[in-house]
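Taking it in order: structure first as structure tokens, then the write-up.
Number of protein chains: 2
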Amino acid sequence: MAPENIFSGVAAQSETELVTALLAMPGIRIEKIVSTGQASPPGFWYDQAWAEWVLLLSGSADLRFADDQTPTVMKPGDYVLIAAHRRHRVEWTSPDGPTVWLAIHCGIPQTETNQM
Amino acid sequence: MAPENIFSGVAAQSETELVTALLAMPGIRIEKIVSTGQASPPGFWYDQAWAEWVLLLSGSADLRFADDQTPTVMKPGDYVLIAAHRRHRVEWTSPDGPTVWLAIHCGIPQTETNQM
């Protein structure tokens, strides 16, 4: 059986951030997120009812938390646990090539639709 | 806040496979597994009551399934879902440097101890 590769089909540029569900099981969703320079809208903060563990696989990004003035600049191999209801945003992603994230949503309600 | 890096502290060689829990929540465990040439014992098959999603981050490995004669040779970025009770083993990992895996155990009973 040939495995799939997380970097296959990753476009160098895209108008929007691309989110692909790699696995969805009760309480867990594993996503591949490809950013090509996108950031969260100005003033927007994610506020999720569940925890999210993110691992940056390629590129770079700046993750901000509402309760922390310090930028969390992420490079390949860096990972962070975003606790439930910890408000966060993506300040920037690298404009020079695709930033590929692995996001693991933990304890997500099954009724939730596909949101980061 | 400085993120942690999954490749930090990875030894080039080790006597045994090293498993580190990066996150443990009800029903989910995320592990970093570092192999430096280790394989499953001859004739041994893992048979888990829960699903495991694995992503190879560096190195290379050959994952075998009892129901599939074809080797599943994995290179960086390759991922596979191992269904619950699908018997599998690691036939070999690269002898040339560390093979780093991310393993996400899904639906794992909370009473289980730390096993791949």
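Those protein sequence lines, which keep their order, are chains A and B. Each number in our numbering comes from the position in the first sequence (counting from 1) with 1 added on. Each number in our numbering comes from the position in the second sequence (counting from 1) with 1 added on. Glycine residues also receive a C-beta, built at the ideal position from the N, C-alpha and C atoms.
query: Anticipated Cβ contact below 8 Å, B/V91 with B/A62, distance rounded; result: 6 Å
query: Helix, strand or coil at A/E32 [DSSP, three-state]; result: strand
query: Reference B/P96; option with closest CA among B/L19, B/A40, B/A104; result: B/A40
query: Minimum Cβ-Cβ distance from B/P4 to chain A less than 8 Å; result: yes
query: Rounded separation between B/A12 and A/G44 - CA only; result: 42 Å
query: Secondary structure of A/P96, DSSP reduced to three states; result: coil
query: Three-state secondary structure (DSSP) of B/M2; result: coil
query: Any chain A beta carbon closer than 8 Å to B/W102; result: no
query: Chain A contact for B/D136 (CB, 8 Å cutoff); result: What is shown of chain B runs 2 to 117, which leaves residue 136 of chain B out entirely.
query: Host beta strand (DSSP E) of A/S59 (start-end); result: 52-59
query: CB contact check: A/A52 to chain B, cutoff 8 Å; result: yes
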